[in-house]
Amino acid sequence: MKIGPIISKPGSSLNYKTGSWRTGKKPLFLNKKCNGCKLCYLICPENCIDAEWIDANRIKRASLKCDFDFCKGCGLCAVICSVNDIQMIQETS
Amino acid sequence: MEKFFIKGHTACAGCGQAIAAKLVIDTIGKNAIVVNATGCLEVFSTWYPYSSWRVPFLHSLFENSAAVASGVESALRHLGKENITVLSQAGDGGTADIGLQALSGMWERGHNILSICYDNEAYMNTGIQRSSLTPIKTDTTTTPVCKESSGNPTPKKDLVGIALAHNCVYVATATVGYPVDLQRKIKKAISIKGPKFIHILTPCPLGWYHLPELTYEVSKLAVESCLFPLVEYENTKLVSVFKPKEIKSVEEYLKLQARFKHLFKDEFKSEIEILKNISKHNIEKYNIN
Amino acid sequence: MKEFLEGAIAIAKTVKLCKPGVISAYPITPQTHIVEHLAKLVAESELKAEFVNVESEHSAASVVLGATATGVRAYSSSSSQGLILMAEVLFNIAGLRLPLVLCCVNRALSAPINIWNDHQDSISIRDSGWIQMYAETIQEACDMHIQAYKISENPKVLLPVMVCIDGYLLSHGYEIVDIPEQEQVDKFLPEYKLPYKLDVEKPLTLGVLSDPNYYTETRYAIHESMVKEAIPVIKQTSDEFSKVFKKNSYGLIEKYFVDDAQKIIIAMGSICGIIKDVVDELRSKGEKVGLLRIITYRPFPEKEILDAIENVKEIGIIDKSISLGAYGPVFTDVRAICQMKDKKISGFIAGLGGRDIKKLDIYEIFDKISKQQKNLEFINVDLNKIEVNI
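Chains as they are written, first to last, in the numbering used here: chain A, 45 to 137; chain B, 8 to 296; chain C, 17 to 406.
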């Protein structure tokens, strides 16, 4: 349909990897003391933290994973974690 | 919880608005149509050809998200599809300034629409200019701090009051520092029919001049210092007020943000009183003790 | 069925037959009667639609934008200041490729405030990407509305259509109008199907941030759709309408004794009725004159006009609007396409702010066409009136 580039496909931002925006720090999910409160999941502005769900409301403890192709290294997950189970570490590469 | 506002958008790291937008739509789910005004959110989430939205999304102009949403809601009513949630989203400018007329019209007509104001307290997308929701004494590019001026001369517009005057069936304030509370309020709002309004305070690391990781802390302190109380009204009656465990000082909130750093200098120190009075007023009004 | 009707009522009755699902408009003279009658039809359940009473024209256009994007046929109407207030939204609707029909009841622009007819309002937004059609009679205005939906919703076009009618002359005038039957319209006008509507089952993002890498292509697409697709679609739709409803319908242009004319007037709208009378009178005296009525102004039917005026040497263009500081808009467009042609083309400004254009004025213009070529001449202007004593 030749109506020009005016409509975007849903979720197409998956093709734009913002991981390169990080300027040195990235989160390390220790997954030791995690109590499944999912505050890190809720606070991430990129929505790039994934979890395994038990049901519609609860996640499996220590199942949090960050998609580093998109993480911008803001550090909010580490700040909000109530049991200090997330640490911001220096990026090596 | 399925994700409907996904990664790959171009918001700043630590953006409060991105957190709020994500929480709003992920809580509502698939059965929603989002109408968004021009602003940070629209610009960073729909940069062609990348879109972070997995629900139907319509962006028209800056001041008409409420009117466009009214059209969408009327069309859905005509089609008999009234179970779909229609969201009208805008920033502080698109809600309280240029968008106020359309918003007032939509509320007055009583459309079944949830309007959300993502309040980052200035026109951030165009470069941190002041809006009518910029707090008093704030340093912005159009209310710059200098010898003669201590920043924005007027306090925030009372959007909750304006919404209540329009008899909105549900009015609430929320912020990203209390994400579970925000989710609860969203769920409550969409369960009620009629015009609903949620005013979400969304810190902006760029415009408020704080580190990205402080978005959570700053947002919490706005509530704990009682400058932005978390309240809830149903059918214009106050039904809940969040009472923080410990009321923090206004200074503790202000000192984290360089947009207020002039208030800690000798020549403007006395102006902090004005903000303290706003906090005192809120404490009295909502009995936060 | 033939009835003696006020223009606005006839249009409202025709719009009802097109079954819009959402109607939204803001009152402004001389459009008000159209929407008042539609409100009555909706209130009395004769038309099943949502009638949204908005707080400004900007919001009225926004409401119908939202409605058509959701896949529901919509309708609005405005004039003058209202049209200019919603200008931003009109550009937006065309840019989003949303089918819509809006009736512009042509009225002069402030300042100073003037509620009478000229074309300045719709002419001022001719660049917006809207298809613009100008009606000469109330019957034509009604017929245009039905065709407008079909043209607008055609999958090859997908652009909004503005039906322009002269304020008071056509909106408040009375005529015997033949309103078709619902079954006829139902057969002619298919159901509205927008391929990219807002649908929770098939989500998409409409209204994006388009950087320099992509913006030009959106404009190119609109222009191509107007010039390559809309022009033939308007012609086809008009021909089909003529056949089905057994009425005269012209589509792009109307030639009134142009083929063997030595000099013609080119004009748009209801003024053409008077011009036709003068053409008849002059022809009866043996003068070879004619009228070329432009019906579809945007897209500009270049080929059709050039074919029609191929053998005409002297042309006078009457503009009921003006690009202040330059020339009449229709004059500018016609002159542009006649660049390399050996023709004497003069431009005349008449009828601004509702000033009556009389037969004598038309005689005067036909006379002037043969005299010295002038790019712009105001007809019937009294220089004494512009003296101000402060």
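Don't be surprised by glycine CBs; every beta carbon is placed ideally from N, CA and C.
Same chain only: Cβ atoms within 7 Å of residue i, ignoring 5 sequence neighbours per side
i                      : result
residue 349 of chain C : 316
residue 249 of chain C : 167, 170, 172 and 173
residue 235 of chain B : 180, 182, 208 and 229
residue 378 of chain C : 290, 291 and 294
residue 243 of chain B : 171 and 174
residue 334 of chain C : 281, 283, 287, 364, 366 and 381
Residues near residue i by beta carbon distance below 8 Å, same chain, minus five either side
i                      : result
residue 126 of chain A : 79, 81 and 83
residue 299 of chain C : 273 and 305
residue 34 of chain C  : 89, 91, 117, 161, 162, 165, 201 and 205
residue 353 of chain C : 316, 318, 321 and 322
Nearest-angstrom Cβ-Cβ length linking residue i and residue j, presumed shorter than 8 Å
i                      : j                      : result
residue 192 of chain B : residue 172 of chain B : With a Cβ gap of about 20 Å, residue 192 of chain B and residue 172 of chain B do not count as contacting.
residue 90 of chain C  : residue 167 of chain C : Incorrect: roughly 15 Å between the Cβ atoms, too far for contact.
residue 14 of chain B  : residue 92 of chain A  : 4 Å
residue 362 of chain C : residue 336 of chain C : With a Cβ gap of about 16 Å, residue 362 of chain C and residue 336 of chain C do not count as contacting.
residue 58 of chain B  : residue 53 of chain A  : 7 Å
residue 109 of chain B : residue 70 of chain B  : 6 Å
residue 141 of chain C : residue 106 of chain C : 6 Å
residue 21 of chain B  : residue 220 of chain B : 6 Å
residue 19 of chain C  : residue 188 of chain C : With 8 Å as the limit, residue 19 of chain C and residue 188 of chain C do not qualify as a contact, their Cβ atoms being about 16 Å apart.
Below-8 Å beta-carbon distance, residue i vs any chain A residue
i                      : result
residue 269 of chain B : no
residue 59 of chain B  : yes
residue 224 of chain B : yes
residue 238 of chain C : yes
residue 55 of chain B  : yes
residue 168 of chain C : no
residue 249 of chain C : no
Check whether residue i and residue j have beta carbons under 8 Å apart
i                      : j                      : result
residue 97 of chain B  : residue 134 of chain B : no
residue 197 of chain B : residue 92 of chain B  : yes
residue 212 of chain C : residue 222 of chain C : yes
residue 55 of chain C  : residue 67 of chain C  : yes
residue 329 of chain C : residue 360 of chain C : yes
residue 272 of chain C : residue 307 of chain C : yes
residue 375 of chain C : residue 281 of chain C : no
residue 186 of chain B : residue 130 of chain A : no
residue 176 of chain C : residue 268 of chain C : no
residue 368 of chain C : residue 134 of chain C : yes
residue 93 of chain C  : residue 50 of chain C  : yes
residue 195 of chain C : residue 28 of chain C  : no
residue 115 of chain A : residue 49 of chain A  : no
residue 161 of chain B : residue 23 of chain B  : no
residue 257 of chain B : residue 279 of chain B : yes
residue 149 of chain C : residue 312 of chain C : yes
residue 331 of chain C : residue 401 of chain C : no
residue 185 of chain C : residue 50 of chain B  : no
residue 83 of chain B  : residue 123 of chain B : no
residue 212 of chain B : residue 19 of chain B  : yes
Any C-beta of chain B under 8 Å from that of residue i
i                      : result
residue 104 of chain C : yes
residue 64 of chain A  : no
residue 91 of chain A  : yes
residue 83 of chain C  : yes
residue 57 of chain A  : yes
residue 71 of chain A  : no
residue 129 of chain A : no
residue 52 of chain A  : yes
residue 71 of chain C  : yes
Contact test: residue i Cβ vs the ligand SAH heavy atom, cutoff 7 Å
i                      : result
residue 389 of chain C : As for the ligand SAH, it is missing from this structure, which has no ligand bound.
Residues of its chain near residue i, where Cβ-Cβ distance is below 6 Å and the 5 sequence neighbours each way are ignored
i                      : result
residue 83 of chain C  : 38 and 90
residue 390 of chain C : 362
residue 139 of chain C : 337 and 345
residue 73 of chain A  : 108 and 130
Contact with chain C by residue i, beta-carbon distance below 8 Å
i                     : result
residue 64 of chain B : yes
residue 13 of chain B : no
Legend entry - Sequence ranges, beta strand (DSSP E) only - wholly within the segment 278 to 342 of chain C, length at least 3: For the segment 278 to 342 of chain C, the full-length beta strand (DSSP E) segments reaching 3 residues or more read 279 to 283, 305 to 310, 312 to 314 and 330 to 335 along the chain.
Legend entry - Sequence ranges, beta strand (DSSP E) only - wholly within the segment 71 to 125 of chain B, length at least 3: 92 to 98
Inset, instruction - Could you pull out every unbroken alpha helix (DSSP H) segment of at least 4 residues lying fully inside the segment 29 to 60 of chain C, listed in chain order? - result: 48 to 59
Legend entry - Length at least 3, wholly inside the segment 27 to 54 of chain B: the beta strand (DSSP E) runs in chain order: When DSSP assignments are scanned along the segment 27 to 54 of chain B, the uninterrupted stretches of beta strand (DSSP E) that are 3 or more residues long and fall wholly within it turn out to be 39 to 43.
Inset, instruction - Only counting runs of 4 or more residues, tell me where the alpha helix (DSSP H) segments fall wholly within the segment 173 to 254 of chain B, in order along the chain. - result: Whole alpha helix (DSSP H) segments, 4+ residues: 186 to 197, 212 to 215 and 222 to 231.
Legend entry - Uninterrupted beta strand (DSSP E) stretches inside the segment 122 to 154 of chain C (no shorter than 3 residues): 147 to 150
Inset, instruction - Could I get the ranges of all uninterrupted alpha helix (DSSP H) runs contained in the segment 80 to 128 of chain C, with 4 residues as the minimum, in chain order? - result: 96 to 101 and 103 to 111
Inset, instruction - Would you list, in sequence order, the uninterrupted alpha helix (DSSP H) runs of no fewer than 4 residues that lie entirely inside the segment 56 to 108 of chain A? - result: 83 to 87
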